[in-house]
Amino acid sequence: SRVLVIENKYIRATFDSDTGLLRKIENLEQNISLPVRQGFFWYNASAGDEESPQASGAYIFRPSHRKPLPVSHWAQVTLVKTNLVQEVHQNFSAWCSQVIRLYEGQRHLELEWTVGPIPVKDDWGKEVISRFNTPMRTRGQFFTDSNGREILKRRDDFRPTWTLNQTEPVAGNYYPVNTRIYITDGHMQLTVLTDRSQGGSSLLDGSLELMVHRRLLVDDERGVAEPLLETDTGDKVRGRHLVILSSVSDAAARHRLLAEQEVLAPQVVLAHGGSSPYHSQ
Amino acid sequence: SGDSAPLNEAMAVLQHHDAVTGTARQNVVNDYAKQLAAGWGPCEVLVSNALARLSLYKQNFSFCREINISICPASQTSEHFRVIIYNPVGRKVDLMVRLPVSEGIFLVKDPNDRRISSNVVMVPSAYSKTYQWELLFPASVPALGFSIYSVNKMSGHNHQAHNLTARPKKSK
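These protein sequence lines map, in sequence, to chains X and L. To convert, note that position 266 of the first sequence is 266 in my numbering; the numbers rise steadily by one, no gaps. Offset between the second sequence (1-based) and my numbering: plus 1000.
If you want it as structure tokens, here you go:
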């Protein structure tokens, strides 16, 4: 099909059939539509430059350029549709893939990403991000949580308690994301829930990004005395981002309940047949 | 006997920022992983004991430690098994259960012994060079409680999944 769509009665996600990338998310319940372009990018890690000898390392995030490079401009896609689940499998490169998944009756989109082993034979350390670009007017503001408790407003190149002299345009605007990050234009809200603590930011209006993996070749000389470089072939990492598009008025109710279910996830245990009655006595 | 203390202690050690953010030497990172794995072993016994006491049945419980990478020997090699789902949240939770299985058609029954809808879908080609399958079915678990679903393999081939799953396009 020329139009690639997965949908249930609550959400519709449309993909660009030429590139295989996510193009639009619609909340069918609330009649909200948002063009969303999501893809994977990587920052080239600084090994020190004229301004500072500081290299990107285990402690320090210091990309050499403000603009990240795309892992790929398009994804090879496979569509899976059954009555319980609809999935778009996106393969960006030999080391980056993603499944965008929508279950029956689910009010959020699930993005299961797999990144790694990050290739470093080109001698460039890489810090890989998943970025969502939207036309939303966010006025340089975004929101992140602090240990799943208080949601804090973050502003571009700004600190609420002192006058900031911003020297790192990317890293200086990165914040910890423990369970969620969101952007809003006052009417609609795009929330991304994480399954682990990650770094995140919004470096452009309407944009939102999360760092998913990094592999570096130089020690940042902050005490570890090792570059952030796994031995052998390197690590492959898999995680999930849960995406909610909703009106601002009911966004909190949705992301709070979903985050609780994600953090306190149901535990699955299997048992073969052949049980015998058991009493604690 | 089960014991949650080793996992409790490992988790306490892992509160250090080095463990949370990865700002540690590789051998320290390896040790964090070792402590977690060593702590989880006796915890599995503890959970098994609790489940036996709550369900009033003693069984050999299996835990899928590598389910995030679609590996679970118990579900991949068994033709009949039960799935016990515990919900630690204080309200009813609906979820979609995904389990790696061998190719086939499966019959899934809910705690009331009623047949429920299930699918077998192919995992992404990027996950594995060989065809791999996952069984998925909707489950509902009460607040702070558990539900038991039963799974039976009906045949060795999954015609539905073959027909519904698109093949990846050749690389341009």
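Cβ coordinates follow ideal geometry from the N, Cα and C atoms, glycine included. Treat the numbers as computed from the prediction; the structure is a model and nothing was measured.
Euclidean distance between Cα positions of residue i and residue j
{"i": "L/H1017", "j": "L/T1023", "result": "7 Å"}
{"i": "X/R131", "j": "X/I100", "result": "14 Å"}
{"i": "L/A1050", "j": "L/N1087", "result": "14 Å"}
{"i": "X/V128", "j": "X/M211", "result": "6 Å"}
{"i": "L/K1092", "j": "X/N178", "result": "24 Å"}
{"i": "L/V1045", "j": "L/A1139", "result": "24 Å"}
{"i": "X/F61", "j": "X/A171", "result": "6 Å"}
{"i": "X/E168", "j": "L/S1125", "result": "39 Å"}
{"i": "X/I6", "j": "X/Q141", "result": "30 Å"}
{"i": "X/Q198", "j": "X/P277", "result": "46 Å"}
{"i": "X/E104", "j": "X/E112", "result": "17 Å"}
Contact belief for residue i with residue j at Cβ below 8 Å, rounded distance in angstroms
{"i": "X/T114", "j": "X/S97", "result": "5 Å"}
{"i": "X/L79", "j": "X/L28", "result": "Not a contact, Cβ separation roughly 20 Å."}
{"i": "X/Y174", "j": "X/S146", "result": "About 14 Å separates the two Cβ atoms, so there is no contact after all."}
{"i": "X/V218", "j": "X/A58", "result": "So it is not a contact: roughly 10 Å between Cβ atoms."}
{"i": "X/L69", "j": "X/F41", "result": "6 Å"}
{"i": "X/T19", "j": "X/H89", "result": "At roughly 15 Å, the Cβ-Cβ gap does not stay under 8 Å, so X/T19 and X/H89 are not in contact."}
{"i": "X/H187", "j": "X/S247", "result": "7 Å"}
Interface partners of residue i on chain L, CB under 9 Å
{"i": "X/A45", "result": "The premise fails here: X/A45 is roughly 14 Å from chain L at the closest Cβ pair, so nothing lies under 9 Å."}
Cutoff 8 Å; reference residue i; Cβ partners in own chain excluding five residues on either side
{"i": "X/A251", "result": "Y182, T184, Q189, T191, I244"}
{"i": "X/Q106", "result": "N8, Y10, I11"}
{"i": "L/S951", "result": "Residue 951 of chain L is absent from the structure shown; chain L starts at 1001 and stops at 1172."}
Contact set between residue i and chain L, taken where Cβ atoms lie within less than 8 Å
{"i": "X/N91", "result": "P1124, S1125, A1126, P1168"}
{"i": "X/N83", "result": "S1117, N1119"}
{"i": "X/H272", "result": "Q1059, N1060, S1062, A1074, S1078, H1080, F1081, R1082"}
{"i": "X/E226", "result": "R1025, Q1026"}
Contacts of residue i in chain X (Cβ-Cβ under 9 Å)
{"i": "L/Y1086", "result": "P266, Q267, V268, V269"}
{"i": "L/P1138", "result": "L84, Y103, E104, G105"}
{"i": "L/M1154", "result": "Near L/M1154 there are no residues of chain X at all, since even the closest Cβ is about 16 Å away, more than 9 Å."}
Own chain, CB closer than 6 Å to residue i, minus 5 neighbours either side, in chain order
{"i": "L/S1048", "result": "F1061"}
{"i": "X/A13", "result": "I6, I25, L109"}
{"i": "L/K1109", "result": "R1115, S1150"}
{"i": "L/Q1059", "result": "none"}
{"i": "L/K960", "result": "Only positions 1001 to 1172 of chain L appear in the structure, and residue 960 of chain L is not among them; the question remains open."}
Within chain L, the residues that residue i reaches when beta carbons sit closer than 7 Å
{"i": "X/A58", "result": "G1022, T1023"}
{"i": "X/Q54", "result": "The premise fails here: X/Q54 is roughly 15 Å from chain L at the closest Cβ pair, so nothing lies under 7 Å."}
{"i": "X/T231", "result": "Q1026"}
{"i": "X/Q261", "result": "V1089, V1093"}
Per-residue contacts from residue i into chain X (C-beta, under 7 Å)
{"i": "L/I1069", "result": "R238"}
Interface residues of chain X facing residue i [CB-CB closer than 8 Å]
{"i": "L/A1052", "result": "Y278"}
Cutoff 7 Å; reference residue i; Cβ partners in own chain excluding five residues on either side
{"i": "X/Q76", "result": "G20, N91"}
{"i": "X/I118", "result": "W95, K126, V128, H213, R215, G234"}
Determine contact between the stretch 190-207 of chain X and the stretch 239-253 of chain X, defined as no fewer than three beta-carbon pairs at a distance below 8 Å. yes
Quick one: any contact between the stretch 1076-1090 of chain L and the stretch 259-273 of chain X, if contact means 3 or more CB pairs under 8 Å? yes
Would you be able to state if there are at least three C-beta pairs under 8 Å between the stretch 223-238 of chain X and the stretch 141-161 of chain X? no
Does the count of Cβ pairs from the stretch 1002-1013 of chain L and the stretch 256-265 of chain X closer than 8 Å reach three? no
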